[in-house]
Amino acid sequence: MLAHLLLFTKVFGVVISQAGTHLRAFISSFIHRRTYKPGSNPKNIVVVGASFAGYNAARCLVNSIPSGYRVIVIEKNSHFQFTWVLPRFCVVEGHDKKAFIPYGPFLRAPPGSHLWIKDTVEEIIPSEDGNPGGKIRVSSGEKFDFEYLVLATGSSAALPSRVGQEEKKAGMQALRDQQEKIGGAQDIVVIGGGPAGVECKGTIPEKNVTLIHSRKTLLHEGFGIKIHHTLSKALRDLGVNLILGEKPTVPTGVTVGDIQLSDGSVHFDYLIKCVGQKPNTALAKFAAPYAFSKSGHIRIKPSLQIADDEYPRIYAAGDVIDAGSLKNGRSAMQQGQVVAQNIVRAIRGKSQIEYQQKWWEGLTKLTMGLTKSVAYVTDGRAEWVIPTKSKIDLDCQQVWKFMGATPFVDPDEEKENNSVTEMEVSSYLP
1 MLAHLLLFTK VFGVVISQAG THLRAFISSF IHRRTYKPGS NPKNIVVVGA SFAGYNAARC
61 LVNSIPSGYR VIVIEKNSHF QFTWVLPRFC VVEGHDKKAF IPYGPFLRAP PGSHLWIKDT
121 VEEIIPSEDG NPGGKIRVSS GEKFDFEYLV LATGSSAALP SRVGQEEKKA GMQALRDQQE
181 KIGGAQDIVV IGGGPAGVEC KGTIPEKNVT LIHSRKTLLH EGFGIKIHHT LSKALRDLGV
241 NLILGEKPTV PTGVTVGDIQ LSDGSVHFDY LIKCVGQKPN TALAKFAAPY AFSKSGHIRI
301 KPSLQIADDE YPRIYAAGDV IDAGSLKNGR SAMQQGQVVA QNIVRAIRGK SQIEYQQKWW
361 EGLTKLTMGL TKSVAYVTDG RAEWVIPTKS KIDLDCQQVW KFMGATPFVD PDEEKENNSV
421 TEMEVSSYLP
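If you read the sequence shown in UniProt numbering, its first letter stands for residue 1, the second for the next number, and so on.
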């Protein structure tokens, strides 16, 4: 009881603290927008990747960088891909476009403070004259100088964890293809009992579903036993055949067959893999081949600079870094914020602050069917599992609003539709 009371006090304290942080940031950015001047030849801070970590780093930077600097964001995807809703939208029809949020409105910043480039960075070119900066080369061949570089390239996986497509139309089609395959199957095996795997079953009705997870408890090591029991009961109530402590090997490309287990086998006519997420670190290996952990993640200092003293102006954040067990949007955004603060501090000649993963970054919402869910948080001593309700589209309009977009309006899509309409009208004119 005391532990739960302390947890409540901590949660309340975090809410107050974050409210204060957002208020200070609002006031600071208000002043910054009226005092910042890019100058005739601004120095570049390049952010590679604009998911949770990179986008928040860029947002914080454009509202705090000193005059004479600008932020260049290089992102290969046409839209922000809201990964949390992907498992649901792989099954439920009619909501595909809601997973793709238009980029742009979130970066409210003074003119000249940033440049957005849709492209892929192919190479990091360290400076040859002894200066700590360098250049990056994008796939178009163009090169950009940088004074500071942020690597937030995320991770790769197949649906339902990641889209695997750069354009919105192709991404929506990938979701629809998955819906069709799941709809046509009867015996479905889900490998991986993380949030994506649990969510998948929660939205697959009237199917024989087996969920196989390598650990003895659901989710990963950052979650406690209480949430495991809650989810296990919910899944079994939904008719799931839950198999824990098994790590089967499935040949690539196999779509129908049997999975061999230690005490038998499970038949499937469709397989969903919610495992195998890999950090996108190939780019960083060009510049700092020794700054990598055994898992393939970028090793970082507490300041979130990469762990290579030759490159003090290269930072990393999000899924690509080796930093604690939490890999979610909340922790990625916190890392992006710390990176932005440290770059500004470095420019001003101040000491770096350290990122320490905090317990409340693990606060999450897990679904247990189409309309039921639980909010979960733990400080390592006590656990809160709070039953909640959720909409079919998982209330994703809140994230659209948070990012400054109007739910569910895509300006690019509207322009395209208007162009098509104008062409159709003109075809009838004499």
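In this text, a Cβ means the ideal position worked out from N, Cα and C, and glycines have one as well.
Since the model is a prediction, treat every value here as computed from it, not as a measurement.
Relative to the alpha-carbon of residue i, which residue among the options has its alpha-carbon at the smallest distance?
i           : options                : result
H213        : M368, K98, I16, K273   : K273
Y36         : T252, A53, I188, S113  : S113
L5          : R215, E383, L211, K391 : E383
K98         : F408, K415, E413       : F408
R232        : L159, L211, E246       : Per the sequence shown, residue 232 should be read as Ser rather than Arg. Of the listed residues, the one whose Cα sits closest to S232 is L211.
Q334        : D187, A58, E93, R137   : A58
P126        : A288, A307, R345       : A288
V163        : K216, R34, C90, Q397   : C90
N131        : E123, D145, V15, S139  : D145
H32         : N208, I392, P205, S67  : S67
G253        : S17, V240, Y270        : Y270
N208        : E221, G183, K10, I225  : G183
residue 448 : V14, I16, L7, G104     : The chain is shown only over 1 to 430; residue 448 falls outside these bounds and no answer can be derived.
K181        : G324, V256, P387       : V256
Below 8 Å on the Cβ atoms is my guess for residue i versus residue j; work out the distance and round it to an integer in Å.
i    : j    : result
S394 : A284 : Position check: residue 394 holds Leu in this sequence, whereas Ser was assumed. L394 to A284, Cβ: 33 Å. No contact.
G192 : V320 : In fact, because the Cβ distance is near 20 Å, the residues do not count as touching under 8 Å.
P302 : Y355 : 6 Å
L304 : N342 : 7 Å
G54  : G318 : 7 Å
G154 : S51  : 5 Å
T230 : V385 : 5 Å
N63  : A109 : 6 Å
S331 : Q357 : 6 Å
L242 : R215 : With 8 Å as the limit, L242 and R215 do not qualify as a contact, their Cβ atoms being about 12 Å apart.
T249 : L370 : With 8 Å as the limit, T249 and L370 do not qualify as a contact, their Cβ atoms being about 32 Å apart.
V344 : I65  : 6 Å
What do you get for residue i, buried or exposed, if any count of 16 or more other CB atoms within 10 angstroms of its CB means buried?
i    : result
F30  : exposed
D96  : buried
S100 : Position check: residue 100 holds Phe in this sequence, whereas Ser was assumed. It counts as buried.
E310 : exposed
E361 : buried
Y315 : buried
H22  : exposed
V420 : Here the model assigns V420 a pLDDT of 49, short of 50, so the residue's position is not dependable, and the following value carries that caveat. That one is exposed.
D129 : exposed
R70  : buried
F26  : exposed
S373 : buried
D237 : exposed
A346 : buried
K168 : buried
G49  : buried
P251 : exposed
S161 : buried
P279 : buried
I227 : buried
A234 : buried
G13  : exposed
G349 : exposed
Just to confirm, is the Cβ distance from residue i to residue j under 7 Å?
i           : j    : result
A185        : P87  : no
D322        : H297 : yes
P111        : H79  : no
W359        : D379 : yes
Q277        : A157 : yes
residue 454 : N41  : Nothing in the structure corresponds to residue 454, since the chain is present only between 1 and 430.
C396        : V190 : no
A340        : L61  : yes
E199        : T367 : yes
G194        : L175 : no
E246        : Q179 : no
I306        : A282 : no
R299        : A3   : no
G239        : L326 : no
Check whether the region 114-126 touches the region 73-85, counting contact only when three or more Cβ pairs, one atom from each stretch, lie closer than 8 Å. Cβ pair count under 8 Å is three or more, so yes.
With a cut-off of 8 Å, do at least 3 Cβ pairs link the region 35-49 to the region 145-159? Yes, the region 35-49 is in contact with the region 145-159.
Do the region 252-272 and the region 392-409 make contact, defined as three or more Cβ pairs closer than 8 Å? These segments do not touch.
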